[in-house]
Structures are given as structure tokens and as C-alpha cells.
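Okay, so the sequence shown: first residue is 0 according to numbering that gives the first Met the number 0, each after it adds one.
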Amino acid sequence: MKKALRWLCLSLVLILLVACGKKEEALPVIKSPLTRSESLLHTVVQLSIYHEGQEEVMDRAVAYIKEMEGLLSTNLEGSDVYRINQAAGKEPVVVDERTFEVLETALEMGKESDGLFDVSIGAVSNLWKIGDPDSRKPSDEEIKAALPFIDYKKIQLDKEKKTVFIEEGMTLELGAISKGYIADKVRELFASKAITTAIINLGGNVVVMGDSPSSQDGWNVGVQDPDEVRGATVGSVPGTHDSVVTSGIYERYVEVDGLKYHHILDPKTGYPVENDISGVTVFSQSSMQGDALSTTLFLLGVEKGLDFINQQEGVEAVFIDKDQGVHVSDGLKDSFELSNEEYHLVN
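In C-alpha cells:
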């Protein structure tokens, strides 16, 4: 029997509430969707709704994403996360209940991953700033000085007052969980409006709803080629799970003296993780769960990552190593289809 993560329940609770609530009559499905693309969340967001006359719902979804970016962004002045970081060591900060919910789940994920997933990684990610125009390689001294301030256990949450307090020197960074939370919420919004068929694509976080209007086999979701730009694939999984989250060294990096340093940082060293993984794709019901798991699995490496994911209930993953080998978790061995001849199946 696989061991279920405690925080799986947290990340799925809202989805279950929607599923159990009163539903409106399903809308007719069309093959040519209403699609909207926006530059948000430091990526290209694309929403597709396979029903007619859903412009108002689309507007609400885009507005919601912008609102949540205004709460969870590290860099936007006045956001909840910005205010928490500015008040480090001074006073607790009252935050929106949604920000509090994300942080509660993040701390639970930190416990379950033994600290591999840690939203206080901002102490060093704020030094690297990978993905920003002023990205750089910090000195060894800077990184060593920042490491003591990476500890999710020191983040203090007051549930009654909805306040967050961090110690002086700490910095929160929610980029490894916020897109998953937002994707799940957009799905809830769509479902509440009787939308059954849609694609929610927040960069590396994709949520699919319903069945593909053009295929009886359902959605066929590709696994990203970590050596190419987003959209190039290694293989695919037909009839996929609800959420697909990909992390890879191709996404964001800074190049210094001919060496590339990617954005997935090890909270124990403060440097980009160095192991045999070049990319990992997680299939799950909850995008927030998949978001955190993709980071955790990347830090574990292929062997330990496979052991970890094979013990979880309702979650699968595809790992791609730096020798272009493809490793799939137990639940995908009969369904994953390799399509790129430059890669080979290992298990």
C-alpha cells in the first residue's frame, strides 16, 4: 500500500468541496476554444475554454490571476509576500486569507519533504535573482552568510489573526507553489460556472479539464524536452491526470564565465542542485501538490525521487536524466509513449 502524504488532503480539500457542491447543467463542448494569452506570473499564461459565450468567465479568471500575483509576488511592492519580507524581525504582518492558506500548505510540504521544499529559500534566491535582468552569481561568502536564514520551521503563522512573522534576515519566495495554487483556483472558478472542458496553462503548470473534444482517447499531454524550449517533447501520456507540472534546468538560468547556473536551488547549499536530473514532470490531481513535488523530486535525484514518488498515492512522475534517459514511475510504465529518438527508456 502506498503511503499518502498528509498535505495531499490539504491541497485537495477545495477541489473536493467543489465536486460535492451543487453543479449547474454542463455546457455544450466545442472544438475551437475561446483562448486568452497574457504575460503574468513571470511566464506566458494561456487559458482555453471549450464552450461558447464564456468571455465573462475568461475575464474573471485573468483578473483573478492578476489579483493573486499582486498578493504572492516577491517583487511587487505592496504584495503580502513583499510586506512580510520588509517586516522581517520587526512585526507580524496581517495577510489575505488566501496568502495564509498557501503558507500553511507550504509549511506542511516542508515537513513532509524533510526541508527539501522550503519557501524561505528566498534568502539565497534573492541573491541569485535568476530570471531577472540583474541576475548574478553570488560570492561564496554571501551564500554562506544567507544559509542560516533558510528554515521553514522559523516561519510563524497565527491562524486566528492571519498574521505571518519571519526573523530578521529571512526572505520568503513562493514561486515553487504559487502557480499551482492559482491553477487549482482557476479550475474551481471554471467548474463553478459549469465549464467542464478547458486547459489552464500557467507556464510549467498545466491543468486539463474534461476530455479532449478532438480525441476519444482524452487529452494527450507531452513531457517537456529539458534540452529545448518549452513545447518540444520527449514523449507523452494519453488520458492524463488533471494536473501536469514540469521543472527543468532549461527554464531559467544565469551564465557566468561560460557556466550555466539554473534556478532550482538546494536549501542546504544555496547553490543550484547538482545531480543526474535535467527535468521532471509530475502528474497529479492537485497542481499545488504537483508544483511542490516537482521541486522536491528534482532535489532528490532520479533514484531517490523514484523511490519517493512510488510510495505516494495518486501521483506519478517522469524523470529525464542528463544522459537522455527517461525514467517513469510505476503507474506510468504502461501508458508513457516515447516519441523522441534522441532519448531512451531506462525502466
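C-beta atoms are modelled at their ideal positions from N, C-alpha and C, and glycine is treated no differently.
The model shown is predicted, which means the values in this text are computed figures rather than measured ones.
Each residue's CA atom was taken as its position, placing Leu126 and Ile83 some 18 Å apart. Taken atom to atom, the span from the alpha-carbon of Thr295 to that of Ser112 is near 7 Å. Phe189 is the residue among Phe189, Gly330, Val314 whose C-alpha sits nearest the C-alpha of Ala197. The continuous stretches of alpha helix (DSSP H) do not include Asp157, which lies in the beta strand (DSSP E) extending over residues 155 to 157. With respect to the 7 Å criterion, Ile319 and Val325 are classified as neighbours on the basis of their beta carbons.
Taking the Cα of Ile154 as reference, the smallest distance to any Cα among Asp183, Asn74, Glu167, Ile64 is reached at Glu167. Separation of Asn204 and Ala175 (C-alpha to C-alpha, rounded to the nearest whole angstrom) is 11 Å.
Counting C-beta atoms within 10 angstroms of its own C-beta, Glu172 has 16 or more neighbours from the protein chains shown and is therefore classed as buried. Lys65 sits in a helix when the DSSP states are folded into three classes.
One alpha carbon belongs to Asp157, the other to Ser235, and they sit about 43 Å apart. Taking C-alpha positions only, Gly289 is separated from Glu302 by approximately 19 Å.
By the Cβ criterion, the segment 244 to 254 is in contact with the segment 264 to 283, since at least three pairs of Cβ atoms, one from each stretch, lie closer than 8 Å. Following the DSSP letters along the chain, one finds Phe189 in no beta strand (DSSP E) but inside the alpha helix (DSSP H) bounded by residues 177 to 191.
Ile199 is positioned such that its CB atom lies no closer than 7 Å to that of Val222. Check the Cα spacing between Ser119 and each of Gly238, Val314, Thr170, Val93: the tightest is with Thr170.
Excluding its 5 nearest sequence neighbours in each direction, Ala105 has C-beta neighbours in its own chain below 6 Å: Val118, Ile176, listed in chain order. Per DSSP, the continuous alpha helix (DSSP H) segment holding Met287 begins and ends at 286 to 299. Under a 10 Å Cβ-count criterion, Leu201 is classified as buried, with 16 or more other Cβ atoms of the shown protein chains found around its own Cβ. By alpha-carbon distance to Leu39, the top candidate from Lys178, Arg97, Tyr151 is Lys178. DSSP places Gly269 outside both helix and strand once states are collapsed to three, so it counts as coil.
If you draw a straight line from the Cα of Val80 to the Cα of Lys65, it is about 15 Å long. Excluding its 5 nearest sequence neighbours in each direction, Glu254 has no C-beta neighbour in its own chain below 6 Å. DSSP, read as helix, strand or coil, puts Lys161 in coil. Segment contact: the segment 44 to 54 against the segment 25 to 35, three or more CB-CB distances shorter than 8 Å; contact assigned. Beta-carbon to beta-carbon, Asp322 and Leu298 are separated by about 19 Å, too far to satisfy the 8 Å threshold.
Distance from Leu344 to Leu337 at the Cβ level is roughly 6 Å; contact confirmed, criterion being Cβ atoms closer than 8 Å.
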